[in-house]
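Chains as they are written, first to last, in the working numbering: chain A, 1 to 369; chain L, 1001 to 1369; chain Y, 2001 to 2369; chain E, 3001 to 3369.
Heads up, the thing below is written out as structure tokens.
There are 4 protein chains.
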Amino acid sequence: MAGSSFGSIFRITTWGESHGKALGVVIDGCPAGLALEEAHIQKYLDRRKPGTSSITTPRKEADAVEILSGVFEGRTTGTPISLMVRNTSQISGDYSEIASYYRPGHADYTFDQKYGFRDYRGGGRSSGRETVGRVAAGAVACRILEQLGVTVCAYTRSIGPVEADLSLFDRGAILSTPTAMPDRDASDAAVAYLEEAKKATDSVGGVMECIVEGLPSGIGDPVFEKLDANLAKAAMSIGAVKAVEIGDGCQVSSRRGSENNDGFRLREGRIVKSTNHAGGILGGISDGDQILIRAYVKPTPSIFLPQQTVGTDGQEREIHIKGRHDPVIVPRAVVVLECMTALTVLDAMLLNMSARMDSLLDFYGKERN
Amino acid sequence: MAGSSFGSIFRITTWGESHGKALGVVIDGCPAGLALEEAHIQKYLDRRKPGTSSITTPRKEADAVEILSGVFEGRTTGTPISLMVRNTSQISGDYSEIASYYRPGHADYTFDQKYGFRDYRGGGRSSGRETVGRVAAGAVACRILEQLGVTVCAYTRSIGPVEADLSLFDRGAILSTPTAMPDRDASDAAVAYLEEAKKATDSVGGVMECIVEGLPSGIGDPVFEKLDANLAKAAMSIGAVKAVEIGDGCQVSSRRGSENNDGFRLREGRIVKSTNHAGGILGGISDGDQILIRAYVKPTPSIFLPQQTVGTDGQEREIHIKGRHDPVIVPRAVVVLECMTALTVLDAMLLNMSARMDSLLDFYGKERN
Amino acid sequence: MAGSSFGSIFRITTWGESHGKALGVVIDGCPAGLALEEAHIQKYLDRRKPGTSSITTPRKEADAVEILSGVFEGRTTGTPISLMVRNTSQISGDYSEIASYYRPGHADYTFDQKYGFRDYRGGGRSSGRETVGRVAAGAVACRILEQLGVTVCAYTRSIGPVEADLSLFDRGAILSTPTAMPDRDASDAAVAYLEEAKKATDSVGGVMECIVEGLPSGIGDPVFEKLDANLAKAAMSIGAVKAVEIGDGCQVSSRRGSENNDGFRLREGRIVKSTNHAGGILGGISDGDQILIRAYVKPTPSIFLPQQTVGTDGQEREIHIKGRHDPVIVPRAVVVLECMTALTVLDAMLLNMSARMDSLLDFYGKERN
Amino acid sequence: MAGSSFGSIFRITTWGESHGKALGVVIDGCPAGLALEEAHIQKYLDRRKPGTSSITTPRKEADAVEILSGVFEGRTTGTPISLMVRNTSQISGDYSEIASYYRPGHADYTFDQKYGFRDYRGGGRSSGRETVGRVAAGAVACRILEQLGVTVCAYTRSIGPVEADLSLFDRGAILSTPTAMPDRDASDAAVAYLEEAKKATDSVGGVMECIVEGLPSGIGDPVFEKLDANLAKAAMSIGAVKAVEIGDGCQVSSRRGSENNDGFRLREGRIVKSTNHAGGILGGISDGDQILIRAYVKPTPSIFLPQQTVGTDGQEREIHIKGRHDPVIVPRAVVVLECMTALTVLDAMLLNMSARMDSLLDFYGKERN
């Protein structure tokens, strides 16, 4: 259906364009009684803010979030939480030219084909700025998950050819490096690589990864609402993502069953898997192990080299895009992947509460049979 | 929500277990007036039938479909189409042992964790046999798409290390080789590889691919209901799929923007892309080019080598799975990918009909403004 | 969306036509672990079976239900429950004439207008026989509600001018009188009235009522998913229902606030209402009191008097309907109202489990804050 | 699901509390290309504004709507339309007392039971002020319907014992009388009646009615998504509505079939009904005739007479509500019924576009079979 809602019980609806008055999200179905204030959300929005390092666009956007409803005396009331971020930094002159042609790698052409015209200012609804609403809602989901003992952590796996060494995993580095890599040396190398790409007025791609820890087993539904299917949708819905892996992903296709199966064994009396090729999901349902999702991101399509395209007048032409653009999408998209993962996992956890008669009987204070 | 429904306007709900009485699907929202008979559906079900070659399980299942409702005098009526396949070949003795332990790579453990117990016969609802309903419904979707000039074609890209040479693409080979590869030489090599794996009582993985041709531009929705996001969910919802790519997929992450952007140009007066790294989708909306989706499939988890696992009694043990299992999942899963793709694309096309005021005014016979 | 699904967590999808091969329903989202066998469902289907008294059509339909999936070793598995009833008693010759004209009060004309043609045999999908699937699913919902201490009871309030005296409420009479009235004397009077109407080859209308007892307070959602809004939809979706009341219904419109407000007071330490004009729902959420819903049913549109109508050939004509029809719809529709109410209430109870952070923390074994 | 969304293709999500910062709505799925500006919406919001006559609360609320997204250069873009109304007139001191008790006839108690606590200021989310979002979205729906030749018109049928004489139907009076009655004399009498009730510090109920003209036949879906079922839900979801009728409503239950059936005949070559007892809907699908829906509204629960209730401290007590309250809900709720009806009808019209293969083939430029 209309594309701007996500989730079933914890259901969000985002709105807003890059250069409109504001962007926002409505969360419907948030459990009542969660302590919530704007600072909790702002922390996540700040992670996707531009202008914080040499490798992001120098645009300044305050991205200050305002809670408009659904919170009373510091706690969620169970009714819709409306969150809004006003746009403040649009330079309206910047984008007038792009009204006249279709930028390669962007959605200009397809929006025109679908809707007959488009809000061309900064990409309108197809701008990466659309993710403001996702991140604001995801921050709330993360806060709930935290109380449930579930942590969601996304980071940059690689930028161009520079890959983080995960054996040195440094969680602090994710928030403090400009690349969001969990490895400071790799981050430095990636920054150098990006500087070089910027000089070449080109852009680069990369890979991001998200791990979920503490998720109980039994979460997710069989068949179409498999946890991995919904995670794949969540990740692929982020602009510029072109591939998604769960666990060992593509690699499983060239393995033998005897190499790929994760045996079960006991650890401190609990059933665990000996290995985790599966990425924590079997038959679409969590198995209690770490969930691993990986997303491959294309290079920023806005590059400053001349490109061949077609104008809205139907004529072929060469264009030279100007403006302020990140040379790589990944570092600012990492928090978006984290938030989309959190939204998916939380929704599955809420839905799971009614999976068994015993839970229902317990909840309503009746004897189990 | 409950996991067995897929789609919004053309909405399907599947049901049934591997060793239950029957499996089936209800299609709600199929447009009225489509000529439809059982033979149209049977053709697709036959492609996923086992027992047709040396590389599939020797189980015999007739998988004869019955149309129970929604078709009158040979045409769909617009009301729910109920399709059923009776199970006929279950050997009930085969599976009694697996009740007592958790098979590695299967959903036995996670189903128990979620629901408290499981139908252990042949994997119950988590069996690949669950896809009977998907294929029956997908056959109807394919038939509609055909009339709209849209063709959906899935095939085996690789089995273990053996890859089809797509420069020799032979559509006929897909339906006539045991591997569903579009390259007969590669297929022969893959069969040899599989025979060797079977001898080693092991299993292998592979890759399948699906192309959609003739899809108009403008199909799909921005943000969460992107066409590629829904295709990713559709593919990842197929058991054993662990990674999904759109277009050039993972490769884009190591490219420069100047290499990856697809320029626009004119061909016979129409706007087309010079290349198709994007796989036919920009900003979640089709661009008129060929759609390409690729799915990576793990090796069959049922192998005949001894494996370490834990019993439902909570004790570690070694198991030796018996029974009849395909050494590779891909050849029979290809038609499932084709059907899931068709369901996704058709639903997006139906939804797209109401995207513009002009279409609405035309449909209800009013003047455009 | 496609019209044959109902509910969000406990979600049902019905299918089938009056004279097709079979009718049925798929229940997705039924909690796992419910003891369930065909006899539990058959009991409800038998209440809507025709041919059981002089005031229903003499058609004989066995309406034997078959559980096709979702139940293993006598308990629901959490996966879709497919229920089917084969049609056995269709006399195909009976309905051939009605293909040629539009019966007043029936959906012949509107189905043709919507879909371009229709399955005219016995009304096809618009037949009252469509409710077989609703009742089969409702029986499962009732069984769960029973274990939660919630009882749902529908009965005939009036037939034509004959009204049951509720001060004599006799629950046993509902199941044992041909009218489903909870008052045997009124039932006798109604039967006499119906015999007279039958002699006049005419039909009559009536009123049915449903009460829900034992429902905890706090069930239902504000705004659009109010419990009363969903009950109204549930009741109005039953063919022939033209009005729905909650609690005192229409009467409240001519009252003063001081007459209509239900004060709160204490009874045995619990907060209760002094009166129940509201019918157990305030602001769309249950208040712990008895829920009351009332549905007004039109007379059977199939009458044997001559009627003026238009043929599918576009000519005016007089018709004389033949065949076997109930002179009143209400007695057999009572169980449908009971089932639709049960489905609505159960779904709201399942959804309610995730309304509070505390419930979430309890369920996942974490400390409340 | 979470209760604040309505519709499937044209889908709205409302948010906001009586005394929060703002209220609003997000419309997702609005067709692209509709000319839309704030004035179009403001006109509808002004109809529900208080403070405009002696019979509404003297509170002043500007209720100025702001379009935040989804409109570009004066036309809808197909992406979410976010509409917001800032709250400006809350007197925070007014409502502090009601935190301590449960007002009869209000949702205070049920919100506490569901969520554990509530935003008690002015009723929070359960306030009539919640309908601001419905009306803003409904104004957009009405504007589209107008272009499709469909008019939706709601009015007050009666206030207490004073009923409008519809044989004198005066459309202008609906917008210009303080009662929204289509009969100026009845309106004067109703005002007098209300003045008297106000003096008695009491409140009164009433009836509102909505007619839809110009709706083509064939709109609505069989079984659960019947047009009348969705209209009933739409109307019953408005706070204070306790009964809903379609067409002749309750009256049909005491009629004979021969009295109630609407025969078909020809008028100027078109098939029409001779009478319209059915209220324009047969089998859940529109028949081309006028749609009629009627809603019965309880008296305003906030009255100034002393009332018995229970405090949140669990003690019985007598309360005296103060503040500013309408003595009758109906006149300001009429536009809400109009908007809910418009939303329901438009959504059904959009969904209907994909009901037939022929429409699909036409839309995508293929030959009909």
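Where a beta carbon is used, it is the ideal one built from N, C-alpha and C, also for glycine.
- Contact residues of the stretch 2029-2063 of chain Y toward chain E are absent (C-beta to C-beta distance below 8 Å).
- Relative to R1134/L, the option among K1366/L, N1369/L, V1336/L, S1158/L whose CA is nearest is V1336/L.
- One Cα belongs to I1009/L, the other to I2055/Y, and the distance between them is close to 41 Å.
- Where V3345/E is concerned, there is no enclosing beta strand (DSSP E), although the alpha helix (DSSP H) around it starts and stops at 3330-3352.
- By the C-beta criterion, the stretch 1225-1240 of chain L is judged to be in contact with the stretch 225-237 of chain A, since at least 3 inter-stretch pairs fall below 8 Å.
- Legend: CB atoms of the stretch 2127-2158 of chain Y lying less than 8 Å from CB atoms of chain A belong to residues I2144, Q2147, L2148, G2149.
- Put simply, the backbone Cα of G2116/Y is about 24 Å away from that of L3145/E.
- Proximity of P2182/Y to chain E, defined by a Cβ-Cβ separation below 8 Å, is not satisfied.
- For R134/A, the three-state secondary structure derived from DSSP is helix.
- The C-beta separation of S4/A from W15/A comes to about 6 Å, placing the pair in contact by the 8 Å criterion.
- Residues of the stretch 1099-1116 of chain L with a C-beta atom less than 9 Å from some C-beta of chain Y are F1111, K1114, Y1115, G1116, listed in chain order.
- Under the DSSP assignment, I2041/Y falls in the alpha helix (DSSP H) whose first and last residues are 2038-2048.
- Note that the C-beta distance between L3034/E and R3075/E is below 8 Å.
- Below the 7 Å Cβ cutoff, chain L contributes no neighbours of G2220/Y, its closest Cβ being approximately 18 Å away.
- Residues of the stretch 2072-2088 of chain Y with a Cβ closer than 9 Å to any Cβ of chain A, in chain order: R2075, T2076, G2078, T2079, P2080.
- Closer than 8 Å to the CB of G288/A there is not a single CB belonging to chain E.
- Bridge partners of E2209/Y according to DSSP: Y2155/Y, R2294/Y.
- Proximity of R3125/E to chain A, defined by a Cβ-Cβ separation below 8 Å, is satisfied.
- Three or more beta-carbon pairs drawn from the stretch 2158-2173 of chain Y and the stretch 2205-2215 of chain Y are found closer than 8 Å, and the two stretches are therefore classed as touching.
- Of all residues in the stretch 3344-3363 of chain E, the ones placed with a Cβ closer than 9 Å to any Cβ belonging to chain L are M3349, L3350, L3351, N3352, M3353, S3354, A3355, R3356, M3357, D3358, S3359, L3360, L3361, D3362, F3363, in chain order.
- Between Y3044/E and G3149/E, the beta carbon gap of about 19 Å keeps them out of contact (Cβ cut-off 8 Å).
- Here G3283/E has P3222 as same chain residues with Cβ atoms under 7 Å from its own Cβ, once five neighbours each way along the sequence are excluded.
- Under DSSP, F3363/E shares a beta bridge with no residue.
- Taking 9 Å as the Cβ-Cβ cut-off, the stretch 2009-2022 of chain Y approaches chain L at I2009, F2010, R2011, T2013, T2014, W2015, G2016, E2017, G2020, K2021, A2022, given in chain order.
- Excluding residues up to 5 positions away in sequence, D1262, G1263, F1264, R1265 lie with their Cβ nearer than 8 Å to the Cβ of S1274/L in the same chain.
- T77/A carries a coil assignment under DSSP once its states are collapsed to helix, strand and coil.
- According to DSSP, S1004/L shares a beta bridge with no other residue.
- Secondary structure of A355/A (DSSP, three-state): coil.
- Counting along the chain, K2114/Y sits inside the alpha helix (DSSP H) bounded by residues 2108-2115.
- Taking a beta-carbon distance threshold of 8 Å, K3366/E counts as an interface residue toward chain L.
- By the C-beta density criterion, G1314/L is exposed, having fewer than 16 other C-beta atoms within 10 angstroms.
- Under DSSP, E1318/L takes part in a beta bridge, and its partners are Q1308/L.
- Of the candidates A2192/Y, A2173/Y, A2190/Y, the residue whose Cα lies closest to the Cα of D2183/Y is A2173/Y.
- Take the alpha-carbon of L2351/Y and the one of T2341/Y: they are about 16 Å apart.
- Its chain contains D3108, Y3120, I3321 as the residues whose beta carbon lies nearer than 8 Å to that of I3098/E, once the 5 sequence neighbours on both sides are disregarded; these appear in chain order.
- Within chain Y, the residues placing a beta-carbon under 7 Å from that of V3310/E are F2264, R2265, L2266, I2271, ordered along the chain.
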